[in-house]
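Those protein sequences? They're chains R and E, same order as listed. Going by this note's numbering, the letters in the first sequence line up with residues 572 to 1015, in that order. Going by this note's numbering, the letters in the second sequence line up with residues 234 to 370, in that order. C-beta atoms are modelled at their ideal positions from N, C-alpha and C, and glycine is treated no differently. Predicted, not measured: the structure shown is a model, and the values here were computed from it. One structure is given below, encoded as structure tokens.
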Amino acid sequence: MPKVIKNVGCPYCGTCCDDVEVTVSDDGKRVLEVKNVCAIGTQIFMHGGDHEGRIKLPRMRQPDGSMKDVSFEEAIDYTAKVLLKAKKPLMYGFGSTNCEGHAAAARVMERSGGCLDNCASICHGSSFLAIFDNGYPSCTLGEVKNRADVVVFWGSNPAHAHPRHMSRYSIFPRGFFTGKGHNSRTVIVIDPRYTDTARVADHYLQVRQGHDYELFDAFRMVCHGHEDDIPDVVANIPKEKILEVAEIIKNARYCNFFYGMGLCHSDGRNHNIDIAISLTRDLNEFTKCTIMAMRGHYNITGPGAVWSWQFGFPYCLDLTKKTMVHMNPGETSSVDLAMRDEVDAFINIGTDAGAHFPIPAVQHLKKHPFITVDPHINMASEISDLHVPVKICGVDDGGIVYRMDNVPIQYRKVVDAPEGVPSDEEFLDAVYNRMVELEGDGFL
Amino acid sequence: MADKILLNMITQRSIEEGIAMEIGKPSPEYFDACALIEMNEDDIKELGITPNTNVKVTSESGEVVVKAIVARQSCYRGLCHIRQSVWANQVVPPRTQSTGEPQYSGFPVIVEPAPNERIKSALECVQGAVGLWKGDE
Ligand code: SF4
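Set out below in structure tokens:
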């Protein structure tokens, strides 16, 4: 009899839906059906377990450019040697691994004296910078669901990037104080594109791309009673619209700002987030107001939490000094390290730097040993010297995952991984042990 | 009508890209979802082409051929969008303004009609860039 497993967490986006129902085959090896999951999440579950096409052995690149299957022992030995030989190796990724994997990676990179970075480096890194400077008056998604009667999406498009966010937490659900669901809330979308999220908004502000800071500034001026000094149009938005929206937010019972890459990736970067936080603080003079980063991968919040606990910093860790950690985005961040040709070995894990880094950065990294640890074929694996398949956390491996609001959730294994395929943690621990062995044998 | 136009390019996620990415980046679904540039209808007209024509997009750090479509999540004139993908990253400048984040949103590109040029596959884009591309097998 196929088995139905309830309350499973979805391993794709930072919404971390934990109400998924998965039907698995008799032998526990295949996912047959999934419920309560969006179109993207469905694909993830369908690719788990033991099925045709799943990579079951590491693949090593041969001198003729082709890939050849090798044993896990060989892959572990090769990775350990690359790390020990390199002067400044870089391990990057971790959006799609569990916190146990993040901790194991930290052990490995501390021992090898390299740099350790996660996907926040290229997405919400600027949020961290602003949060260090200005604090983070945030909340949980449950609070938004139960309390928020005004919800602002600024430079974020959950209809595409977090498909169930609006129905589970931010717009449609009925909460304790928001019993009428969507009718209890006013939704404001601020984005240069008329996105699918904007279609469900009560107010849409088409901000001129890259001019968010000016618009935040105008809202802050209203909060401070200087509305007379605002020009007639700010960043494409007429003054009347700014005053109207400011009035709605000031009169909210509870307002939350959700912001995304539209702010982090546009000119201004951390300054955009900084002023968003300042506006949130200002609004608390009038109402209760909070702010939340729309984190992308289901566990990209995880490495920030784990490494802050281990080392005191969330990302861009430089462990080369061994006795102390140093973090300086712009200097110790992956793309900058790559562009300065400063690293001499690269391990891509639980992400796809091949597809998501600007191509000049990929070209630099590829000059040196390049290893990918990922369950699937991706662009990084296809240019790697070694590709190591691992279990998929949330499908064939369990573990702790941090949702976008920093709430940890225990993910569960629903199907068996192909035999012999390790988890990220198991693989990294084996690499660590091999490094200890090699060092003991006087390698190098 | 112009031979080429200067636009401000942004890259962000899309659900089509998310689904296709999980099917697999070498898949035709990923190609169909991402090898596109979304533009304002009038900008497409200004180039003297019809929607669904290939165009060459050039930035300070590279170039890529993609298909021009009218943005469904509309762009105003002067703004264009390539979904976060292998194709977008052929032209995204790697400079990070000291934050670690490349310039994924808000950089100038020149767009010109390229009706006879071929759109490269994802694998060809990436393997080609690092000297591993051996051609379609
Ligand atoms: S919204 Fe995100 S977490 Fe929820 S089912 Fe979709 S991809 Fe999974």
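Name the chain R residues whose beta carbon is nearer than 7 Å to that of Leu356 (chain E)? Glu953
Taking any Cβ of chain E, which residues in the region 605-621 of chain R have a Cβ under 9 Å from it, in chain order? Cys609, Ala610, Ile611, Gly612, Thr613, Gln614, Ile615, Met617, His618
Indicate, with yes or no, if the ligand SF4 has a heavy atom lying under 7 Å from the CB of Thr872 (chain R). no
Which value, in whole angstroms, describes the spacing of the CA atoms of Ile819 (chain R) and Leu957 (chain R)? 55 Å
Cross-chain neighbours of Glu255 (chain E) in chain R, by beta carbon under 8 Å: Tyr583, Ile611, Gln614, Ile615, His618
Determine, for Ile329 (chain E), whether the minimum Cβ-Cβ distance to residues of chain R falls below 8 Å. The question names Ile, but residue 329 (chain E) is Thr in the sequence shown. Thr329 (chain E) counts as touching chain R.
Go through its chain and collect everything with a Cβ distance to Asp655 (chain R)'s Cβ below 8 Å, but skip five positions before and after it. The question names Asp, yet the displayed sequence has Leu at residue 655 (chain R). The residues are Ser683, Met1006, Leu1009, Glu1010, Phe1014, Leu1015.
Quick one, what's near the ligand SF4 if you take every residue whose CB is closer than 7 Å to any heavy atom, in chain order? R:Cys581, R:Tyr583, R:Cys584, R:Thr586, R:Cys587, R:Cys588, R:Val591, R:Val608, R:Cys609, R:Ile611, R:Gly612, R:His733, R:Pro734, R:Arg735, R:His736, R:Tyr869
Could you pull out every unbroken beta strand (DSSP E) segment of at least 3 residues lying fully inside the region 748-782 of chain R, listed in chain order? 757-761, 774-776
Measure the Cβ-Cβ separation of Gly921 (chain R) and Thr594 (chain R) and say whether it is below 8 Å. no
Leu786 (chain R) beta carbon less than 8 Å from that of Glu798 (chain R): no
Does the Cβ of Glu811 (chain R) have 16 or more other Cβ atoms within 10 Å, making it buried, or fewer, making it exposed? exposed
List the endpoints of the continuous beta strand (DSSP E) containing Thr175 (chain E). Residue 175 (chain E) cannot be examined here, being either before or after the span of chain E that is shown, 234 to 370.
Specify, as a first and last residue, the run of the alpha helix (DSSP H) that Thr613 (chain R) falls within. 610-617
Which chain R residues are close to Pro281 (chain E), counting only those with a beta carbon under 7 Å from its beta carbon? Here the sequence assigns Gly to residue 281 (chain E), which means Pro is not the residue at that position. The contacting residues do not exist; Gly281 (chain E) stays about 24 Å from chain R at best.
Looking at the ligand NAP, does it come within less than 7 Å of Ala304 (chain E), judged from the CB to the closest heavy atom? No copy of the ligand NAP appears in this structure; the ligands present are the ligand SF4.
Using three-state DSSP, classify Cys964 (chain R) as helix, strand or coil. strand
Please classify Phe928 (chain R): does DSSP put it in a helix, a strand, or coil? coil
Assign Asp688 (chain R) to buried or exposed, taking buried as 16 or more other Cβ atoms, counted over all protein chains shown, within 10 Å of its Cβ. buried
If Lys289 (chain E) and Glu350 (chain E) are in contact, beta carbons under 8 Å, what's the gap, nearest whole angstrom? 6 Å
Could you name the residues of the region 676-700 of chain R whose beta carbon sits closer than 9 Å to any beta carbon of chain E, in the order they occur along the chain? Asp688, Ala691, Ser692, Ile693, Cys694, His695, Gly696, Ser697, Leu700
Among R:Ile848, R:His927, R:Val966, nearest to Leu700 (chain R) - alpha-carbon criterion: R:Ile848
Skipping 5 residues on each side, what residues in its chain have a beta carbon closer than 7 Å to that of Ser596 (chain R)? Pro573, Leu603
Three Cβ pairs or more, each shorter than 8 Å: is that satisfied between the region 974-985 of chain R and the region 867-887 of chain R? yes
Can you list, in chain order, the residues of its chain with a C-beta nearer than 7 Å to that of Phe340 (chain E)? Leave out the 5 residues immediately preceding and following it. Met242, Ser292, Pro326
Can you tell which of R:Phe665, R:Val653, R:Pro634, R:Val933 has the C-alpha that lies nearest to the C-alpha of Glu996 (chain R)? R:Phe665
Proximal chain E residues relative to Ile948 (chain R), where beta-carbon distance stays under 9 Å: Gly257, Lys258, Pro259
For Asn241 (chain E), would you say it is in contact with chain R, using Cβ-to-Cβ distances shorter than 8 Å as the test? yes
Using CA atoms only, rank isn't needed, just tell me which of R:Ala677, R:Cys581, R:Cys686 is closest to Arg735 (chain R). R:Cys581
Is there a Cβ of chain R sitting closer than 8 Å to that of Pro326 (chain E), yes or no? yes
Using a Cβ cut-off of 8 Å (strictly closer), state whether Gln777 (chain R) contacts chain E. yes
Using alpha carbons as the reference points, say which of E:Ala301, E:Glu279, E:Lys353, E:Ser294 lies closest to Val933 (chain R). E:Ser294
Per DSSP, which residues does Gln981 (chain R) bridge with? Please list them. R:Ile971
Tell me the rounded alpha-carbon separation between Ser247 (chain E) and His731 (chain R). 5 Å
Is the beta carbon of Val560 (chain R) less than 8 Å from the beta carbon of Pro763 (chain R)? For residue 560 (chain R) there is no data in the structure shown, the boundaries of chain R being 572 and 1015.
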